[in-house]
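J.: Got a structure for you, written out below as C-alpha cells; questions coming shortly.
Residue numbers (the working numbering), protein chains in the order written: chain S, 70 to 425; chain G, 70 to 425; chain D, 70 to 425; chain Y, 70 to 425.
Here you go:
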C-alpha cells in the first residue's frame, strides 16, 4: 500500500537496492497445495539475469533464489512465500562520478527531490535489477495459471530501434539473445547492437506480450478493469513509456464497423479488442504492446546539473544494458502473469469459479 | 477494493447504471477546510454532459448534481462527500432488440459471461454514462490541486480518425464542440462527423492530457509509480486502447542520447519523459496521450451471436456518440486530477509537504 | 481506504451526517444473482430506527431506504449497490448551545482538533445515526450468508448497567424494547430506564453477538485473522470500549487444561475459543461480547471547555438515547455479518469454496 | 491484502514459519532521513526472544536481525526496509507425535481445515515466533514516533492468573522476567510459575499497554478509528481473547455522568476514554488492556481427534511458554507503535501536519 506492493489478492511486496545486500519479495495469497520448488523460480530468473550475452549488461549475478517460507514438503501452504536473492557483483566505485550529478533521463533526479536522499550505487532502488523479484513472483503465478486453466503467457521483441521484427514463431524466442520470434533477423540485430555498444549509446524497443487460454470473465470494472490493471503494471515496468492493448493506437483511425470484433457461434473473428471488452476478458488471447525507452546510462556526454543545480557534463561508465528492452521481455511476461492471477482470485472470490 | 474504488488516499467509489434510478460517487479523503459548492462540480459535469451538440449523443440529461454530505457551511469537513445525479431520460425500449444479443466490440458479452446476469438498458454498468461521477469527483480534485499548488489540468483532441489536429492554443478548447485547440480545423471536423453520423458508423480519436505546475516528487515506486497509476486510470476509461507518456511509442526508435532530457540550471531542455522519471514527477508538465476506439453501438449491420450462442445480425439504434473520444476529453482531465491528488496526499503522508 | 470503507472484498463505504440531507452507503462486492429488494433491507433498518419505544431517542425518522443501483429485475448484478436514506427530522436548533463547547466524553473535541472544522448539528459525522447505513449493508450480508451457508447472526443485551440479563431464549429478542432474551426481567429494565430518563443521565450496557453455522476456515492470518477483523468492526461501533471473544477476559485466570476446548469425533466439547483458533473459524458458534459506554449527551451538568479553551458548564438537551446499548444490538449483528461475509469471499478467492 | 500485511501507510508484511529457514518482514512506508541501524531493532528483539529466563520457552534463538534494504549510509531512504531473522534452533522431531493430531485450543485444527495442508513443525505459521518480525517492525515505528512527537509506548503485565499485579513504576518493567511494574510481587510470580511448569499446565495473563504524548487528532472515522485499528492489531496478537480501551468493560455499569471525562482549561480530569473519543485521539494517554489466554501446548493429557477425526489423547512435549502473556508484553508495545505510526502518516496525508 506504500507503493511497493502489487496485486490485491495475489500480492507481491518487493524490496532491495541494486548494490545493497539483497533483493527479493514476499508473495502473499498463493493458493495452498501447489507443488513448488526453487527450480520453478530459478528457470525464469535465468532468462532475465545479466551477463547472458554480450548484448546485455556484463554484471555477473547468478541471481540464485532462496525460498524462505510458505512451502512445506514441496507444496505451497497458503502462507506468504518469501524469496531472497543476494547481490554478489556490486562494484560501487563504478558510480562514484555520478553520485552527485543527475543522468539525463534517469530517476536520480526525481528520487533526490522526492526523498531528499538517494542511494547512488547502481541506481539504488530505481535500478532495473529490482525487476528480478518481480520475475520470481511471476514464475509462481505462471505455474499456478498453467495448472489452473492452462493459461500460457509469452512475450517477444517486435522492434529494436528502427528494425521491425516480423513474427514467425514462438519456438524461436528462447533460441537467441533478443527474444526474437524470427531467426532470420537475428544477425541484423547483432550487428546493430555491436555498433551501438561501440558508440556508447542506447536504443529503444517494442515488446509484445500475450496470454493464451485466459477464461472469459476476469476484470473488476468499472475501475479495476483487467486492461487498466495490465496498463498499471506495464507502465510501472522500468523504461516503459507506452502501453496498448489489441489494436491500440491504430484504433484512432478505425471505424466502428472495422474495429468491433464480429462473433460467430465458433468464436470471435478478429481480435482488435486484444481480449478485453469493458475491462473484462473475453476468452480471446490478451495482446499487449509496450514501448521501451533507451536506457539513460550511456557513455555519450550529456549536459546536466548536480545536486547543487550547477551545470555539469555527465557520462556514465559501468555496466549497462544498451537496450533495456531485451531483458524486459521476461519481466513483461511476469507482470502479466501476476495481474491475471490476481484477477482469477478476485473473480472467484466475488463470483465463484469461472465457468467459461 | 471490489473494483469500483479509485485512489488509495483520495478515494472515489462509483455506483450506478445507465438507466437505473441514479448514478453517483462517494469521494473519501478530501482535506478539510476547502470552499466547495455544487457549482464547482456542475461546471465540469456540464462539459461532459450529453446533448450539447449534434456531434454527441442526443440523450437529454441535465446531469444535475446534489451534494449529500461532507460539507458544512460551504466548506469540506474531511468527511466523505457523496454526490448524486438522477437519471432522467432513460428510454429503455430503445435497447429491447439488443438485450439478448451481443454487440461486436461491446462489454455486453464479457459482462454476461462474468456475472451471469447483465442490465441491458443503455449498457447498464458498462455505459460511458458512468464517467459522469468520475468527472464530478475530478472537479473536487481539480479545485484542490489548483489551490494547493496552482496545478492546472487540461486536455484536448489531437486527432479524429485520420484528421490530425495541430495544437494552436488552449484558449480554443472550450469554443468548439470537439475540444479542438485549433479553430481552423473545426469545420472539417464538423463535415466529417455529419457524414459519419449519416453513415451510421463511428470513429476513433486521440486525446492529449496535460498537467502543468505539478511539483517534483509525486509517485510511489517501485509499483505505484505516478506513470503507472496514470496508465491505470486512463486505460480504465471507457474505449481507451492505448496510453503513452512523453515520447511514448516514439521512444522505440530513439537513441539514449536523443531521448534523455538534458538539464540546465534553468530546468529541463526537452520533455521526452513526459514529466515522469523513475515513476516520480520531475516538475515538468505531465503529458499523456490516449487512443480511443470507435464506439461499438452503430447502425451498421454486424455479425454476432445471442446469449444462446446462435448467429444473429446486430444493429444498434438508440442515441449514441459517433465518436466517444469527444466527451472523453473532460473525463480524461478528471482522471488525471484524481491520480495527481491521490499522489499529493500519499507523498505528504510519507515524506511531509513537498519542497520543490 | 480513507477511513470510511469497511471490508476488503465485501466493501461498505459510508457517507453522511446526522443532520445533513441524507446518509447512506455503497456496498461493493456483493455476488451477482441474489434476490434482493428494498424490504430485505428495510426490515433490518426498522429494528434500529429511532422512536420505536420511550427508551430510545424520540427523533422521528422513518429511515426509508432507496436502492439506487446494482439490482436488475430483482437480482443483484455484481455491480455496487448504493443505498440512500434521507434525513427528515433534523432539528438543528436543538444543538445551538453546544455548537462551540465540547461535551465530556463526546467526539466534539477530537473532531474539532483533527479537522479544524466540525458539523455540530446532531454530532455531525460522529453521530450514532451513521450506523443506519451499516445496518442496511449488513442486511445484504445477512441475507447472502443465510443462503450461502445457513449462517445465522443474532445479538442480545446481556447487561444493562448493573442489571445482568440471564439468557433464556432467542425467541424473546424481538418481543421487547431492549433486545432482552429474557421476558421476566423486562419490567425491571423498564423501571430502571424510566428512572434514568427522568434523572437526565445515561447508562452503559453489555451485548452478546453470535454467529451460528459458520463454516470452518474463515480468517486470513497472521494479521487479518477473523477475530482481529471482528474486534476492528466492533470497537469501531459507536460507544464500544471493549470487545472479547469466547472466554474473553475470563481467560486470564484459566489454566491451559481448562481453557483449551477438547474435541471428540462429534465435535468440540466446550467453546472457550468463541469459535476462532489461530484467527480462523473452527465451525463452532462465534461468540463476541461488547462493552458499551453510556452516551455522553446528558442533561446532567458537566464541566468542560469551549473552542477557545475557556471553562464552561455543558448540559445537552435534545433527543438522545439514554442507553445507546439498546439500539447497538442490531448494529452489532450487521457488523458481524459484514466481517464474516468479507471473509467468506476472501477465503474462496484464495482457497476456493469451503469444504467443511 | 492477502492477510499478512498490517497498516495502510506504514505497512508491515510478515513471512515465515517457526521451523522454516527464516522469519522476517518488509516495512514499507517509513519516512526517509531517519537514522536507523541494526541495534535499534535488536534491542527490542532481545526483550521478546526466547530463553531469557526459566519462565519462558527454552528454545535457544539469538533472533539476530539483518537489515537487507532501505538504508543508505545509516539513514532510511523511503524505500522498503526488509528484515531477516534466521531460525537456528529448530528441533522438528519434538513435534512428530502431534503432527497428525490437533491440540485442544490450538490453531492446528483450523489451519488444517482452511488450507488442507499445515506445517506442524513448531506450529508452523501459527507460532508465536512470528511475533518477532512484528517486534522488529515496531522498533522502527517506536523510534520514529519518539523523534516525531516524543511519543512513548510501554506495556506491563498487570495480572498473572489470579495474581493481580498493582502498578508501582515503569522503572521496574525491565528489571524482572515478567515485565512486572512491581518488584515486591516478583517472588510470588516466580513461585507460581515454577509450580505451574512442574505441573505441565499453562496460565492466562492480563497486559496493559500505554502510549504517552500522542497528539490529538489521530484516527480516521467512521470505520478506521484509532481504537478500532488498535483492537484489530491487539486481537490479532497470538492468544489474545479480549481488548478494552480506557474504562473498558467497567463502562457497562457507569452512568454517563461518571464516564464522560470532564475537561478544564488545563486538560482532562480523568481518562475513562482511554485517550480516544469518536475514534480519534484526544491527546491523553492511550490505555489498552489485553486478556491473554493460556497456551494450548501443555503436557497435561487432553482429549482430541486426529486428521482422520478419530479420538486421540494429546500431550505436548517440546519447549513452550507456560504463560505466553509474558513475552506478549513487548509484542503488544510494537503493535501499538505500528498502529499509531500508521495513523500519524494517514493523518498528515489528509490533513497535513498535526497542530496539537
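Each residue gets a CB set at the ideal place from its N, CA and C atoms; glycine is no exception.
Note that the coordinates shown come from a computational prediction; the quantities given were computed from them, not determined experimentally.
Check whether chain S comes within 8 Å of residue 80/D, counting only Cβ atoms and requiring the distance to be less than that.
T.: no
J.: In chain order, what residues of the region 318 to 338 of chain D put their CB closer than 7 Å to some CB of chain Y?
T.: 318, 320, 321, 322, 323, 324, 325, 326, 328, 329, 330, 331, 332, 333 and 334
J.: So which residues on chain Y does residue 227/S lean against when the C-beta distance must stay under 8 Å?
T.: Under the 8 Å cutoff, chain Y gives no residues; its nearest Cβ is about 33 Å from residue 227/S.
J.: Take residue 266/S as the anchor and find which of 152/S, 96/S and 125/S has the nearest alpha-carbon.
T.: 125/S
J.: Just to check my reading of the structure: residue 275/D and residue 333/D have Cβ atoms closer than 8 Å, yes? What is that Cβ distance to the nearest angstrom?
T.: The pair is not a contact, with the Cβ atoms about 32 Å apart (cut-off 8 Å).
J.: Any idea if residue 404/G is buried or exposed, counting beta-carbon neighbours within 10 angstroms, 16 or more meaning buried?
T.: buried
J.: Might you give, ordered along the chain, the residues of its own chain that have their beta carbon closer than 7 Å to the beta carbon of residue 245/D, omitting 5 neighbours on each side?
T.: Residues 252 and 255 of the same chain have their beta carbon placed closer than 7 Å to that of residue 245/D, with the five preceding and five following residues left out of the count.
J.: Among 423/Y, 418/Y, 153/Y and 322/Y, which has the Cα closest to the Cα of residue 392/D?
T.: The option with the nearest alpha carbon to residue 392/D is 322/Y.
J.: Name the chain S residues whose beta carbon is nearer than 8 Å to that of residue 371/G?
T.: 326, 329 and 331
J.: Counting contacts by CB-CB distance shorter than 8 Å, is residue 271/Y in contact with chain D?
T.: yes
J.: Please specify which runs of the alpha helix (DSSP H), each continuous and at least 4 residues long, are wholly inside the region 233 to 319 of chain S, giving them in chain order.
T.: 255 to 268 and 295 to 304
J.: Taking only beta-carbon atoms, is residue 184/G less than 8 Å away from chain D?
T.: yes
J.: Counting only Cβ-Cβ distances shorter than 7 Å, please list the residues of the region 276 to 297 of chain G near chain S, keeping chain order.
T.: 285, 286, 289, 290, 291, 292, 293, 294, 296 and 297
J.: Under 8 Å, Cβ to Cβ, is there at least one residue of chain Y near residue 304/D?
T.: yes
J.: What does residue 138/G reach in chain D if we use C-beta pairs closer than 9 Å?
T.: 84, 85, 86, 89, 90, 91, 92, 93 and 194
J.: For residue 183/D, which three-state DSSP category applies?
T.: helix
J.: At 7 Å on the CB atoms, spell out the chain Y contacts of residue 71/D, in chain order.
T.: 289 and 419
J.: Ordered along the chain, which non-local residues of its own chain (more than five positions away) have a Cβ less than 6 Å from that of residue 388/G?
T.: 126, 127 and 128
J.: Terminal residues of the continuous alpha helix (DSSP H) containing residue 404/D?
T.: 393 to 420
J.: Please confirm if residue 414/Y has its CB atom under 8 Å from at least one CB of chain G.
T.: With respect to chain G, the C-beta atom of residue 414/Y has a partner C-beta closer than 8 Å.
J.: Applying the criterion that 16 or more other CB atoms from any shown protein chain within 10 Å of the CB defines a buried residue, is residue 112/D buried or exposed?
T.: exposed
J.: Does any CB atom of chain D fall closer than 8 Å to the CB of residue 175/Y?
T.: Judged by the 8 Å Cβ criterion, residue 175/Y is in contact with chain D.
J.: Checking 8 Å against the spacing of the C-beta atoms, do residue 290/D and residue 116/D come in under that value?
T.: no
J.: Can you name the residues of chain Y whose CB is closer than 9 Å to the CB of residue 102/S?
T.: 184, 185 and 186
J.: What I want to know is whether the C-beta of residue 354/D ends up closer than 7 Å to one or more non-hydrogen atoms of the ligand ZN.
T.: What this structure holds is no ligand at all, so the ligand ZN is not there to describe.
J.: Is residue 173/Y closer than 8 Å to residue 329/D when the C-beta atoms are compared?
T.: yes
J.: I'd like to confirm the pairing. Which residues does DSSP put opposite residue 150/G in its beta bridges?
T.: DSSP lists 96/G as partners of residue 150/G.
J.: Taking the DSSP output, what are the residues bridged to residue 104/G?
T.: 144/G
J.: Since residue 107/G and residue 136/G are thought to touch, with beta carbons under 8 Å apart, how far apart are those beta carbons, to the nearest angstrom?
T.: 6 Å
J.: Which class does residue 423/D belong to by DSSP, given the choice of helix, strand or coil?
T.: coil
J.: Within a Cβ cutoff of 6 Å, which residues of the same chain sit near residue 283/D, ignoring the five residues on either side of it in sequence?
T.: Once the five neighbours on either side are set aside, the close Cβ partners of residue 283/D are 220, 350 and 355.
J.: Under the three-state reduction of DSSP, which class applies to residue 137/Y: helix, strand or coil?
T.: Coil, per DSSP.
J.: Does residue 115/Y come out as helix, strand or coil in the three-state DSSP assignment?
T.: helix
J.: Measure the C-alpha to C-alpha separation of residue 309/D and residue 83/G and round it to an integer number of angstroms.
T.: 31 Å
J.: Pop quiz: residue 237/Y and residue 401/Y are said to be a contact at Cβ under 8 Å. What is the actual Cβ separation, rounded to whole angstroms?
T.: Not really, about 19 Å apart at Cβ, beyond 8 Å.
J.: DSSP on residue 333/G, reduced to helix/strand/coil?
T.: strand
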